[in-house]
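Just below is one structure, and these are the notes that go with it.
There are 2 protein chains.
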Amino acid sequence: MHPLTGDARLPRYQQLRDHMVMQIANNRWRPGEAIPTEAALAAEFDMSVGTVRKAVDVLVAEGVLERQQGRGTFIRRPQFQSSLFRFFRFETANGERVVPESRILAITAVPAPSAVAQALGLGAQAEVIRMQRIRLLGAQPVLAEEIWLPRQPFQALLEVDLDSKGPLLYPIYEHLCGQVVASAEETLTAEAVDAVHGRLLHLPADSPVVVIERLARDYAGKPLEWRRSRGHAQHFRYRIDIR
Amino acid sequence: MHPLTGDARLPRYQQLRDHMVMQIANNRWRPGEAIPTEAALAAEFDMSVGTVRKAVDVLVAEGVLERQQGRGTFIRRPQFQSSLFRFFRFETANGERVVPESRILAITAVPAPSAVAQALGLGAQAEVIRMQRIRLLGAQPVLAEEIWLPRQPFQALLEVDLDSKGPLLYPIYEHLCGQVVASAEETLTAEAVDAVHGRLLHLPADSPVVVIERLARDYAGKPLEWRRSRGHAQHFRYRIDIR
DNA sequence: GTTATATAGACATATATATGAATTTGAGGG
DNA sequence: CCCTCAAATTCATATATATGTCTATATAAC
Numbered sequence: 001m002h003p004l005t006g007d008a009r010l011p012r013y014q015q016l017r018d019h020m021v022m023q024i025a026n027n028r029w030r031p032g033e034a035i036p037t038e039a040a041l042a043a044e045f046d047m048s049v050g051t052v053r054k055a056v057d058v059l060v061a062e063g064v065l066e067r068q069q070g071r072g073t074f075i076r077r078p079q080f081q082s083s084l085f086r087f088f089r090f091e092t093a094n095g096e097r098v099v100p101e102s103r104i105l106a107i108t109a110v111p112a113p114s115a116v117a118q119a120l121g122l123g124a125q126a127e128v129i130r131m132q133r134i135r136l137l138g139a140q141p142v143l144a145e146e147i148w149l150p151r152q153p154f155q156a157l158l159e160v161d162l163d164s165k166g167p168l169l170y171p172i173y174e175h176l177c178g179q180v181v182a183s184a185e186e187t188l189t190a191e192a193v194d195a196v197h198g199r200l201l202h203l204p205a206d207s208p209v210v211v212i213e214r215l216a217r218d219y220a221g222k223p224l225e226w227r228r229s230r231g232h233a234q235h236f237r238y239r240i241d242i243r
Numbered sequence: 244m245h246p247l248t249g250d251a252r253l254p255r256y257q258q259l260r261d262h263m264v265m266q267i268a269n270n271r272w273r274p275g276e277a278i279p280t281e282a283a284l285a286a287e288f289d290m291s292v293g294t295v296r297k298a299v300d301v302l303v304a305e306g307v308l309e310r311q312q313g314r315g316t317f318i319r320r321p322q323f324q325s326s327l328f329r330f331f332r333f334e335t336a337n338g339e340r341v342v343p344e345s346r347i348l349a350i351t352a353v354p355a356p357s358a359v360a361q362a363l364g365l366g367a368q369a370e371v372i373r374m375q376r377i378r379l380l381g382a383q384p385v386l387a388e389e390i391w392l393p394r395q396p397f398q399a400l401l402e403v404d405l406d407s408k409g410p411l412l413y414p415i416y417e418h419l420c421g422q423v424v425a426s427a428e429e430t431l432t433a434e435a436v437d438a439v440h441g442r443l444l445h446l447p448a449d450s451p452v453v454v455i456e457r458l459a460r461d462y463a464g465k466p467l468e469w470r471r472s473r474g475h476a477q478h479f480r481y482r483i484d485i486r
């Protein structure tokens, strides 16, 4: 039994929620693992099971945890393959979803442009890794991405052959660099394609492209990656539910 | 004290939630009004306050109700001005948000095209109201909308001067037709503008436009309106949070 | 009449307890 | 070795109760 460290003026269930977010951010439990049972947490923090449940309710609503009746409560692994591919529908001729292949055009360490440094919360001339890649369906390019990462925790990316590790970057970040992407903010807009991206995407001049900018964060909210993706507008379809 | 009518195999808090959704859909309470207190509901349905709170929790999470400590629990009025204007940023030169004016180009009753009938859940040749309008910032058209409504509950719209009642339709639906929009689903995509909409929006050929299709429903989930809006891509910027 | 103050009403937090339902584990039987 | 079934574990539902906090209203003081 040990005490909560947070702001004692807050409700106890909020204190426990904050405490658990910290524990998750500090890797006390890994994604996919079970947290202690409600009874164990109640004993550990000397509160009733009802209060523990309320704290867990909040984290479930926030998408951090996932309950399974009879099994336990688990750290949820964010499903980012669904994120980008909720928007872009890449399908084969017979209609099944596919993840486009990845071809990396360049990956280098450079001083951060000011916009990137600001997005990632870095100092003015911090070193960042810049990656350019193309996503392809067969021979057809469908998405052009530029990706920026702080150099320090992601140094290892410069020393391996990324194309051999599959098209999804976030599992690579986790296994190679120990960085877990937990949430992201995206901004979405459309524009007429410029000359450079028209060539990359095999699009005629002035074709409409969708532009998605994404800032990905870890469990503690620290920015890990900033990227900008441009894709064919025909492939783009996004659905929103209001209220 | 009277019994719940729903499926008795469901948890009681779910039964109460379902019951209250029906009451709201049947206008037992209007948007903005307070529902009975937790103690009163507990007495009315012969359950504990804790169970009532859980049912209310669900409706609050769904955005149907809104709690105010010390005052009561209220039917939430959806804020749809924020919906479209979370996507499109219409601002004056000095940066303040504005709602574009509305000019209705046409409003007529016609047999429903099959796609519209399907979206609205109507029979094959049901009568619908078709409205075309342009949204303007000063002299500049920024949005072209086509709006489809089932004729029966919205007949009154054909008999008044809509342009004199301001640019927001949902308050008009509520006051003139007694129809309250409670939720909506939107689908978002981009395309190159066609000749007709290029003329309407004063855009050169092949400019990128964002297309938003919306199906609006009442509290019971019945479709009330289907619309398709096209707007300048430059004005469009949408932000999403993913976990 | 205006301003404090007290009170009542309503939701918020917290605990305790009992029972139900889904899952896992492990003992026995074949 | 495999299958079945019972028991233990864990979350889900439901109730009861006490106290705190916020709001609105009524009362008292000036």
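Chains as they are written, first to last, in this note's numbering: chain A, 1 to 243; chain B, 244 to 486.
Virtual Cβ for every residue (Gly too), placed ideally from N, Cα, C.
Note that the coordinates shown come from a computational prediction; the quantities given were computed from them, not determined experimentally.
Endpoints, the beta strand (DSSP E) within which residue i is located
{"i": "M374(B)", "result": "E370 to L380"}
{"i": "R473(B)", "result": "P466 to H475"}
{"i": "L143(A)", "result": "Q140 to P150"}
{"i": "G72(A)", "result": "G72 to I75"}
Closest by C-alpha distance to residue i, when choosing among the options
{"i": "F154(A)", "options": "Q140(A), L176(A) and A144(A)", "result": "L176(A)"}
{"i": "V249(A)", "options": "H445(B), G441(B) and S450(B)", "result": "Nothing can be reported for residue 249(A): it is not among the residues displayed for chain A, which extend from 1 to 243."}
{"i": "P393(B)", "options": "A360(B), Q383(B), E287(B) and T294(B)", "result": "A360(B)"}
{"i": "V110(A)", "options": "E191(A), W148(A) and W29(A)", "result": "W148(A)"}
{"i": "P113(A)", "options": "A106(A), R28(A) and G123(A)", "result": "G123(A)"}
{"i": "E213(A)", "options": "A184(A), A34(A), G32(A) and L105(A)", "result": "A184(A)"}
{"i": "A61(A)", "options": "N26(A), P31(A) and R17(A)", "result": "R17(A)"}
{"i": "A126(A)", "options": "M22(A), Q152(A), L10(A) and P141(A)", "result": "Q152(A)"}
{"i": "R255(B)", "options": "E434(B), N269(B) and A298(B)", "result": "A298(B)"}
Simplified DSSP assignment, three categories, for residue i
{"i": "T294(B)", "result": "helix"}
{"i": "R442(B)", "result": "helix"}
{"i": "S183(A)", "result": "strand"}
{"i": "L458(B)", "result": "strand"}
{"i": "A448(B)", "result": "coil"}
{"i": "I35(A)", "result": "coil"}
{"i": "V353(B)", "result": "strand"}
{"i": "F479(B)", "result": "strand"}
{"i": "E62(A)", "result": "coil"}
{"i": "D289(B)", "result": "coil"}
{"i": "L4(A)", "result": "coil"}
{"i": "F333(B)", "result": "coil"}
{"i": "L400(B)", "result": "helix"}
{"i": "D241(A)", "result": "strand"}
{"i": "V299(B)", "result": "helix"}
{"i": "L122(A)", "result": "coil"}
{"i": "V116(A)", "result": "helix"}
{"i": "A220(A)", "result": "coil"}
beta-carbon residue i near the ligand NAP non-hydrogen atom, thresh 6 Å
{"i": "D18(A)", "result": "Ligands in the displayed structure: none, and consequently the ligand NAP is not present."}
Partners in chain B for residue i, counting only beta-carbon separations shorter than 7 Å
{"i": "S114(A)", "result": "In chain order: nothing, as chain B lies at least about 21 Å away."}
{"i": "D206(A)", "result": "D449"}
{"i": "A39(A)", "result": "Going along chain B, no residue has its Cβ under 7 Å from A39(A), so there is no contact; the nearest lies around 20 Å."}
{"i": "A25(A)", "result": "By Cβ distance, chain B contributes nothing, its closest Cβ being about 14 Å from A25(A), past 7 Å."}
{"i": "A109(A)", "result": "By Cβ distance, chain B contributes nothing, its closest Cβ being about 28 Å from A109(A), past 7 Å."}
Per-residue contacts from residue i into chain A (C-beta, under 7 Å)
{"i": "V453(B)", "result": "A190"}
{"i": "G464(B)", "result": "The contacting residues do not exist; G464(B) stays about 12 Å from chain A at best."}
Assumed close pair residue i, residue j - CB separation to whole angstroms, cut-off 8 Å
{"i": "A399(B)", "j": "P466(B)", "result": "Actually they do not touch by this definition, with Cβ atoms about 19 Å apart."}
{"i": "R314(B)", "j": "G306(B)", "result": "Rounded, the Cβ-Cβ distance is 19 Å, inconsistent with contact."}
{"i": "D461(B)", "j": "V424(B)", "result": "7 Å"}
{"i": "L136(A)", "j": "R97(A)", "result": "Rounded, the Cβ-Cβ distance is 15 Å, inconsistent with contact."}
{"i": "T432(B)", "j": "A233(A)", "result": "7 Å"}
{"i": "H19(A)", "j": "G32(A)", "result": "Actually they do not touch by this definition, with Cβ atoms about 21 Å apart."}
{"i": "E389(B)", "j": "R470(B)", "result": "7 Å"}
{"i": "P167(A)", "j": "P100(A)", "result": "6 Å"}
{"i": "R89(A)", "j": "H235(A)", "result": "6 Å"}
{"i": "V49(A)", "j": "E38(A)", "result": "5 Å"}
{"i": "L162(A)", "j": "I172(A)", "result": "7 Å"}
Bounding residues of the alpha helix (DSSP H) (the contiguous stretch that carries residue i)
{"i": "Y413(B)", "result": "L412 to C420"}
{"i": "V342(B)", "result": "First-last for V342(B): undefined, no H or E at that position."}
{"i": "L16(A)", "result": "R12 to A25"}
Within chain A, the residues that residue i reaches when beta carbons sit closer than 9 Å
{"i": "T430(B)", "result": "R237, Y238, R239 and I240"}
Amino acids of chain A, ordered along the chain, whose beta-carbon sits closer than 8 Å to that of residue i
{"i": "A427(B)", "result": "D241, I242 and R243"}
{"i": "P321(B)", "result": "I242 and R243"}
Per-residue contacts from residue i into chain B (C-beta, under 8 Å)
{"i": "D163(A)", "result": "Within 8 Å Cβ-Cβ: nothing; D163(A) doesn't reach chain B, min ~26 Å."}
{"i": "A126(A)", "result": "Near A126(A) there are no residues of chain B at all, since even the closest Cβ is about 25 Å away, more than 8 Å."}
{"i": "A117(A)", "result": "None at all; the shortest Cβ gap to chain B is about 21 Å."}
Under 9 Å from the C-beta of residue i: neighbouring residues of chain B
{"i": "A61(A)", "result": "A304"}
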